[in-house]
Structure formats: structure tokens, C-alpha cells
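Scroll down for the structure; my scribbles are underneath it.
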Amino acid sequence: MKLSIDFWFDFSSPYSYLAAEKIDALAARYGCSVTWHPILLGAIFQVTQAAPLVALPLKGDYSVCDFARSARFLDLPFQMPSRFPLPTQVAARAYYWLAAQDVPDATDIAHQFARMVFRALFVDNRDISEADVVEAIAQQAGLDAVALAQAVTTPEIKARLKDENDRAIAEGVCGAPFFKIDHEPFWGVDRLPQLERWLATGGF
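If you count the sequence shown from 1, you need to add 1 to reach this note's numbering.
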């Protein structure tokens, strides 16, 4: 049976950016599919009583160092955004709208859009909380930015994001990036080697 990986992430999470650049290729090596789930970490933090790492004494300074070092380790470009963290509702809603389109390769299109959003924030230092920035990214990707701008304000897409946040909590998602394979949870981009071993061996 073909395995499927669930991948939860927040567009404002540096570690999610790094994971987004790696997870599809990793899964493809083992014939797996990946279902991407953008969420809002704020909803998770309300349950876990946590806060963004950069807001925590001592951990904040370390995390900024680790973001950059982890990117170098994975051979990915990175710069700390001037505004961080920031709201990501618009980008997340845009993703779900794109993924639901009745067009060939809708999933691949949505994944590529998500990677472009991540790079806009963590490489180009663009403020992805702004709707016009998200629309510009969509246009750059050759997508219908006008239709996207209208879609992200609809009750249906807003409800979809809320439902995804609720489902993430029900699934035990405690941070981002977070992965599941056959109900086995993995939290953090540094768990990708474990995830790959799991795929290679069928569990350990």
C-alpha cells in the first residue's frame, strides 16, 4: 500500500520553510505522496501554552542562530525577516483555495506556490501578511491573482482554515513542521532523517 505523509506547517515558521523545501523530494524517493496542511501556530500555542521561540528569554537568541545554521546545513538560502513572526492567514487560505481547484496538477501548483511564499519571507524579506504581497506571488507563479484575492475573503475558505487548525489539534500537532506517517508523529525539520529511516525500513 502506498504510504502518505501529512505535513503541517505555518508560513511564519523558519523550520517549516526548510521542511517545505525537502519533504516532497524525500517522499518521492519512497513513492509516497504528501498532503500539505498550512495552519496557524497561534491556535496550537493556545493549547500548548507555548509562544514563538524568538519571544522567549535565552531561547530567542539561540533560535535565531539555529534558524540560519539549519538553513546552511541544508544548503538553503535564508535571512531573518525584518518582521517576525507575522500573521499568515492570507497565505494559508490562498493555499487551500489553490489546492481545491479542478485543474490538472492542482496539488503541485499549490505546493510550488507555498514554497514561493516561504522564499518571499525567508529569502526576500517580503511581508507575506499583506494580501497584495500574496497576490503578487500568485501572479508571479502565473496564477489568477484576482480570483485568489476574492477567494481568500470568502466564508468557505476561512472555515476551511479553521477546520484545518481544529483537525491539527485533534491529531496532536504540537508545533511546526509536524509530520505523520501511518499515525506515527514526527515534530521538527531535524526529524526528517528519522522520517526517512521510517520510510526505508517500515518503522523502527
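Where a beta carbon is used, it is the ideal one built from N, C-alpha and C, also for glycine.
Q. Expressed to the nearest angstrom, what Euclidean distance is found between the alpha-carbon atoms of Gln47 and Asp76?
A. 33 Å
Q.
Per DSSP, what are the beta-bridge partners of Glu22 in this structure?
A. Looking at the DSSP assignment, Glu22 forms no beta bridge with any residue, so it has no partner.
Q. What does a CB cutoff of less than 7 Å around Cys175 pick up in its chain, not counting 5 residues either side in sequence?
A. Ile45, Thr49 and Trp188
Q: For the alpha helix (DSSP H) holding His112, just list the boundary residues, first then last.
A: Ala107 to Phe123
Q. Who are the Cβ neighbours of Val215 in its own chain at under 7 Å, not counting the five residues just before and after it?
A. Only positions 2 to 205 of the chain appear in the structure, and residue 215 is not among them; the question remains open.
(Q) Whole angstroms are fine: how far does the CA of Phe205 sit from the CA of Glu131? (A) Distance between the alpha carbons of Glu131 and Phe205: 44 Å.
Q.
Does the segment 133–149 come into contact with the segment 106–123, if we say contact requires no fewer than three beta-carbon pairs (one atom in each stretch) closer than 8 Å?
A. yes
Q: Pick out whichever of Gly203, Ala152 and Leu87 has its Cα sitting closest to the Cα of Tyr96.
A: Ala152
Q. Would you say the segment 52–62 touches the segment 97–116, given that touching needs at least three Cβ pairs under 8 Å?
A. no
Q.
Within a Cβ cutoff of 6 Å, which residues of the same chain sit near Ser14, ignoring the five residues on either side of it in sequence?
A. Ala177
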